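Let me begin by presenting the structure, written as structure tokens, before commenting on it.
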Amino acid sequence: MQYSDSILNTPSSFIRNILKVTDAKDVISFAGGLPNPISFPIEQIKTSVAHAIDENGAKLFQYSTTQGYLPLRQYIANKYNQKQPGLDFKPEDVFITTGSQQALELISKVLLNKGDGVIIEEPGYLGAIQAFTLREPTFHPVPLEQEGMNVAELKEAIKKPNVKMVYTVPNFQNPTGLTYTKERREEVCDAVKNEDVIFIEDDPYGELRFTGEHLPYIAAGKMENSVLLGSFSKTVTPGMRLGYILTKNQELLGHIETAKQASDLHTNIFAQYILHDYLANNAYEEHVEKIKALYKKQSDAMLAAMEKYFPPHVTYTKPEGGMFIWVTMENGASALDKFQEAMDQKVAFVPGDPFYTNKTGVNTMRLNYTNATPEVIEEGIKRLGKIL
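In structure tokens form, the structure reads like this:
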């Protein structure tokens, strides 16, 4: 059997493969990026299933439009317009996808030819690297600093041949947990606003800020070629796989619609009706506040345990929200080597290697704190501290 070069050159998800070996009941896992299941509004969703069927009947079970359920798109547009002045999104600017992961795949399919340039953060989100790699682009990684993407190197990367897009996760980035400062957002915007590139802000964690102030988006509302990605996976349920694209670029959305028709015709319409019914009939903001309080408690527990058990040569980020902490072993030890030692002690993390496009044996790792109790977090960090 002869397979395509693109699929042979695209690695399977490192994290998905890790989860196969870390899923044992006796393993304390900080490896997944899993929302805490106690945050799922199960009873309210059960009510919405029945209510949506009673209200809409056979529409829930029929084929539907590619762009998505109109009332849900209107809800999303209103939500963002209320969040930040000047956005002015309309339903036609919203496109429903099968999780924001599909949004990445569709955008890359529409924009990228083999060898085209993609600017990403380093380290960067593994799911985006995987989605883009299928199009066989040339990656131009730009170092991510405490304040955000390095602007000088961003300006240099934009000069590279055939650069089509800049991909960022500005709020509580995966994998580092870092958030771009207001000043760095303005500098990045100034660096790209006059360039012929699509600027993507992937924001699945933006609502999960548990300390500090909400910051304006980098390009949304300021650039015609701005694309904002969002998801309900981190606040309602990941299993529904409901994400979305927001952009004022209607030409781009038209091509995305064609690409999606070729992929799956439309996103699960049953789930869209149910989600909209849930959002329309429940106190969504109060629900999100409870998740933020939960995650702050878990983040505080992990940071306190790291302060207590990690050796001085190990440094780490202190997130203001989201789901991750990024750890650096300043002595240069390989996180991949430490991974097997950690598994022997029944504790798991994600080594940093898959978050880079051109580096191996790195001295960094990602820890997730949202899927364990404070007591389990302390025990896991204690074990990890001994290994480090």
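Taken in order, the sequence shown gives residues 17 to 404; the numbers are from this note's numbering. We put the CB at the ideal spot given by N, CA and C, even for glycine. If you're wondering where the values come from, they're calculated on a predicted model, not measured in any experiment.
Asked, Found
"Skipping 5 residues on each side, what residues in its chain have a beta carbon closer than 7 Å to that of P159?", "E138, N166 and E169"
"At which residue ranges does the segment 337 to 375 contain complete beta strand (DSSP E) runs of 3 or more residues, listed in the order of the chain?", "340 to 345"
"Buried or exposed, going by whether 16 or more other CB atoms sit within 10 Å of the CB of A119?", "buried"
"For L103, which residues from the same chain have a beta carbon less than 7 Å from its beta carbon, with the 5 sequence-adjacent residues on both sides left out?", "Y96, N97, A236 and G237"
"Any chance you could list the beta strand (DSSP E) runs of at least 3 consecutive residues sitting entirely within the segment 131 to 155, in chain order?", "133 to 138"
"Going by DSSP, name the residue or residues bridged to G259.", "T113 and S247"
"At 3 residues or longer, what runs of the beta strand (DSSP E) sit wholly inside the segment 150 to 212?", "154 to 161 and 179 to 184"
"Only counting the same chain, and skipping five residues up and downstream in sequence, which positions put a Cβ closer than 6 Å to that of S80?", "H282 and I285"
"Quick one: is F365 buried, meaning 16 or more other Cβ sit within 10 Å of its Cβ, or exposed?", "buried"
"Cα-Cα, which of F30, V65 and P53 is closest to L295?", "V65"
"Could you say which of L231, V182 and D218 lies nearest to E211 if we only look at CA atoms?", "V182"
"If you count every other CB in all the chains shown that lies within 10 Å of the CB of Y196, and 16 or more means buried, which is it?", "buried"
"So S247 and G259 are in contact, right, with Cβ under 8 Å, and what is the actual spacing, rounded?", "4 Å"
"Rounded to whole angstroms, how far is the Cβ of Q314 from the Cβ of P220, which I believe are closer than 8 Å?", "The Cβ separation is near 18 Å, so there is no contact."
"Assuming R200 contacts E229 (C-beta within less than 8 Å), just tell me the rounded distance between them.", "With 8 Å as the limit, R200 and E229 do not qualify as a contact, their Cβ atoms being about 15 Å apart."
"Can you look up T227 in the DSSP assignment and give me helix, strand or coil?", "coil"
"Answer with buried or exposed for S124, where buried requires no fewer than 16 other C-beta atoms within 10 angstroms of its C-beta.", "buried"
"Taking the alpha-carbon positions, what's the M318 to S20 distance?", "43 Å"
"Considering I216, what are the terminal residues of the beta strand (DSSP E) in which it resides?", "I214 to D218"
"Note down the Cα distance separating C205 from G338, rounded to an integer number of angstroms.", "23 Å"
"Work out the CA separation of L122 and V134 for me, nearest whole Å.", "15 Å"
"By DSSP, does M322 sit in helix, in strand, or in coil?", "helix"
"Assess contact between the segment 295 to 304 and the segment 175 to 192, defined as three or more Cβ pairs (one per stretch) separated by less than 8 Å. Is contact present?", "no"
"Would M322 pass as a contact of I403 if the rule is Cβ separation under 8 Å?", "no"
"Is DSSP giving N129 helix, strand or coil here?", "coil"
"Counting only the same chain and skipping the five closest in sequence on each side, list residues whose C-beta sits under 7 Å from that of L291.", "L88, F248, V252, M256 and L258"
"Reducing DSSP to helix, strand and coil, say where T389 ends up.", "coil"
"State yes or no: is the C-beta of A388 within less than 8 Å of the C-beta of G368?", "no"
"Could you give the C-beta distance for N379 and A349, rounded to a whole number, given that I count them as a contact under 8 Å?", "6 Å"
"Using DSSP with H/G/I as helix, E/B as strand and the rest coil, what is L383?", "strand"
"Please work out which residues of its chain come closer than 6 Å, Cβ to Cβ, to L50, disregarding the five sequence neighbours upstream and downstream, and give them in chain order.", "N387"
"By Cβ distance below 6 Å, which residues in the same chain neighbour K171 in space, the five residues on each side in sequence not counted?", "A207"
"Return the chain-ordered list of same chain residues with a C-beta closer than 6 Å to the C-beta of P157, the five sequence neighbours on each side being excluded.", "I136, E138 and T373"
"I261 to G377, Cα distance in whole Å?", "35 Å"
"Out of S22, D42, Q18 and S29, point me to the one whose CA is closest to R392's CA.", "Here the sequence assigns Val to residue 392, which means Arg is not the residue at that position. Nearest of S22, D42, Q18 and S29 to V392, Cα basis: D42."
"What does T331 pair with, by DSSP beta-bridge criteria?", "T344"
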